[in-house]
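Peer 1: Take a look at this one; I'll ask things after.
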Amino acid sequence: MERTTFLTVLVLFALAAYFVYGMVAWNLAISFTDWRGAVPTYNFVGLSNYSSVITSELFGKSFLNTVILFSAIPLSILVGLFLAFLLNQRPMGLRIFILIFLVPFAFSLVVTGVVWIWMFDPTRGAVNSILRTFGLGFLACDWYLSPRTVLISMIIPMVWQFSGYCALILFAGLRSVPRKELEEARRRGMGWWKIFWKVEFPRLRIPILSCAVVLFVFTLKAAFDLVWTMVQGGPGTASYNLPILVFVEAYQKLNVAYGAAVGNILVLLVLCIVLPYVWWTYRGHR
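Under the numbering used here, the first residue of the sequence shown is numbered 9, with each subsequent residue one higher.
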């Protein structure tokens, strides 16, 4: 029995090592070549691809757009915190509200993109129609058709999809506060705001950090799936970000080595965020 278990774990580890770490190593290796994918031959070029990437104006624009898209993370957490606070008041139909908040998160990013293309349609979309109905027609715009508002048109669907997940995680954190602490705070004459800020919120620091790390990964995924579904990096290159730049260079232009270099920079960015969290979590459980 122990031998079978060991062999099973060994096979799974070997597969994971090949398909994860092996592919990362392969991607790193080809980034030092001039391989274009269409031909089997390639030459070693050293750091030439990385030099071209860093000095590229399109890379700088894509990097900045990626950072801007990350603003969906704190916005989702803030909206989720507000929803969690409302849920913690235990309204009637609590389970129905939880289900409603979870529905957007269950959608694939492609479905979300298709839905919001219709919502943001400049002439027949629901967003502009609602704004005009409530006398806010001056806020109506071309949304994803304009370079100035296209990133906003990407961030809003992300917040819509991610905030329900944050709400449930933070709601669970609020429910973990012992009743004795809440009753003691009320006896001291604390109002609802002081109770939230001094008693409940300190217990949400770890859930908030967990939400931030998870949403960091989800946002990177949405940076391609959602943006490509809605505008394919347009108008022009206005909504280009790092995942889209990797796809365009490696698969459309067949500049595979250059795309691999961009991908490695993206992996480094992810590691700079995730590894400190993993270290902090491991340290906290020792």
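The beta carbon of each residue, even a glycine, is placed where N, CA and C say it ideally should be.
Would you kindly report the start and end of the unbroken alpha helix (DSSP H) that includes valine 53?
Peer 2: The residue you call residue 53 lines up with position 45 of the sequence shown. Unbroken run through valine 53: none, as it is neither H nor E.
Peer 1: Taking only the alpha-carbon atoms, compute the straight-line gap between tryptophan 205 and leucine 182 and give it to the nearest angstrom.
Peer 2: For this step, residue 205 is matched to residue 197 along the sequence shown. For this step, residue 182 is matched to residue 174 along the sequence shown. C-alpha separation (whole angstroms): 12 Å.
Peer 1: With distances taken from CA atoms, which of Ile104, Leu159 and Phe105 is nearest leucine 124?
Peer 2: To locate residue 124, count along the sequence shown from 1; it is residue 116. The sequence shown places tryptophan at residue 124, rather than the leucine named in the question. Distances from the CA of tryptophan 124 to each of Ile104, Leu159 and Phe105 were compared; the closest alpha carbon is that of Leu159.
Peer 1: Leaving out the 5 sequence neighbours to the left and right, which residues in its chain are closer than 6 Å to tyrosine 50 when beta-carbon positions are compared?
Peer 2: Taking the sequence shown and counting its residues from 1, one reaches residue 50 at position 42. Once the five neighbours on either side are set aside, the close Cβ partners of tyrosine 50 are Thr41, Asp42 and Trp43.
Peer 1: Do you know whose CA, among Ile106, Glu192 and Ala230, lies nearest isoleucine 81's CA?
Peer 2: One-based indexing of the sequence shown puts residue 81 at position 73. Checking every option, the nearest Cα to that of isoleucine 81 belongs to Ala230.
Peer 1: Could you please give the first and the last residue of the uninterrupted alpha helix (DSSP H) stretch that includes methionine 198?
Peer 2: Working through the sequence shown from its first residue, we reach residue 198 at position 190. No alpha helix (DSSP H) holds methionine 198; DSSP gives it neither H nor E.
Peer 1: Which partner residues does threonine 295 have in the DSSP bridge list?
Peer 2: No statement about residue 295 is possible, as the shown extent of the chain runs from 9 to 294 and does not include it.
Peer 1: Can you find at least 3 beta carbon pairs, one from the region 85-92 and one from the region 162-173, that sit closer than 8 Å?
Peer 2: yes
Peer 1: Starting from the Cα of alanine 46, find the closest Cα among Val270, Ala268, Asn263 and Val286 and give me that residue.
Peer 2: Your numbering for residue 46 matches position 38 in the sequence shown. Taking only the C-alpha atoms, the option nearest alanine 46 is Asn263.
Peer 1: Reducing DSSP to helix, strand and coil, say where lysine 261 ends up.
Peer 2: Taking the sequence shown and counting its residues from 1, the one referred to as residue 261 is at position 253. DSSP places lysine 261 in coil when its eight states are reduced to three.
Peer 1: Kindly list the residues whose CB is nearer than 7 Å to the CB of phenylalanine 115, restricted to its own chain and excluding five residues on each side of it in sequence; keep chain order.
Peer 2: Numbered from its first residue, the sequence shown carries residue 115 at position 107. Hits under 7 Å: Gln169.
Peer 1: Please give me, in chain order, every unbroken run of the alpha helix (DSSP H) with length at least 4 that falls completely inside the region 113-140.
Peer 2: 117-127
Peer 1: Alpha carbon to alpha carbon, how far is threonine 5 from isoleucine 164?
Peer 2: Here the chain has residues from 9 to 294 only, and residue 5 is not among them.
Peer 1: Are the Cβ atoms of threonine 141 and aspartate 150 separated by less than 9 Å?
Peer 2: Numbered from its first residue, the sequence shown carries residue 141 at position 133. Numbered from its first residue, the sequence shown carries residue 150 at position 142. Contact flag unset, no.
Peer 1: Hey, quick one: how far does the alpha helix (DSSP H) through tyrosine 29 stretch, first residue to last?
Peer 2: Looking up residue 29 in the sequence shown gives position 21. Neither: tyrosine 29 is in no alpha helix (DSSP H) and is coded neither H nor E.
Peer 1: Who are the near neighbours of isoleucine 281 in its chain, counting only those whose CB is closer than 8 Å to its CB and skipping five residues on each side?
Peer 2: Taking the sequence shown and counting its residues from 1, one reaches residue 281 at position 273. Hits under 8 Å: Val221 and Phe224.
Peer 1: Could you give the distance in angstroms between the alpha-carbon of proline 155 and the alpha-carbon of glycine 242?
Peer 2: Along the sequence shown, one-based indexing puts residue 155 at 147. Along the sequence shown, one-based indexing puts residue 242 at 234. Going from the Cα of proline 155 to the Cα of glycine 242 covers about 8 Å.
Peer 1: Would threonine 74 and leucine 279 qualify as a contact pair, given that the criterion is a beta-carbon distance under 9 Å?
Peer 2: Along the sequence shown, one-based indexing puts residue 74 at 66. Along the sequence shown, one-based indexing puts residue 279 at 271. Their beta carbons are not under 9 Å apart, which means threonine 74 does not touch leucine 279 by this criterion.
Peer 1: Rounding to the nearest angstrom, what Cα-Cα distance links leucine 277 and tyrosine 29 in this structure?
Peer 2: Position 269 of the sequence shown, counting from 1, holds the residue named residue 277. Position 21 of the sequence shown, counting from 1, holds the residue named residue 29. Distance between the alpha carbons of leucine 277 and tyrosine 29 is about 17 Å.
Peer 1: Could you work out which residue in Gly197, Leu117, Lys261 and Phe179 is closest to phenylalanine 109 when comparing CA atoms only?
Peer 2: If you number the sequence shown from 1, residue 109 lands on position 101. For phenylalanine 109, the nearest C-alpha among the options comes from Phe179.
Peer 1: Among the candidates Val286, Gly267 and Arg195, whose CA atom is the shortest distance from the CA of leucine 66?
Peer 2: To locate residue 66, count along the sequence shown from 1; it is residue 58. Here the closest residue by C-alpha is Gly267.
Peer 1: Report the three-state DSSP secondary structure of arginine 183 (helix, strand or coil).
Peer 2: The residue given as residue 183 occupies position 175 in the sequence shown. In the structure shown, arginine 183 sits in a helix (DSSP, three-state: H, G or I).
Peer 1: In or out: threonine 237 buried (at least 16 other Cβ within 10 Å) or exposed?
Peer 2: Position 229 of the sequence shown, counted from the start, is the residue given in the question as residue 237. Threonine 237 is buried by the Cβ-count criterion.
Peer 1: Would you tell me roughly how many angstroms separate the C-alpha atoms of alanine 246 and leucine 253, rounded to the nearest one?
Peer 2: Within the sequence shown, the letter at position 238 stands for residue 246. Within the sequence shown, the letter at position 245 stands for residue 253. If you draw a straight line from the Cα of alanine 246 to the Cα of leucine 253, it is about 12 Å long.
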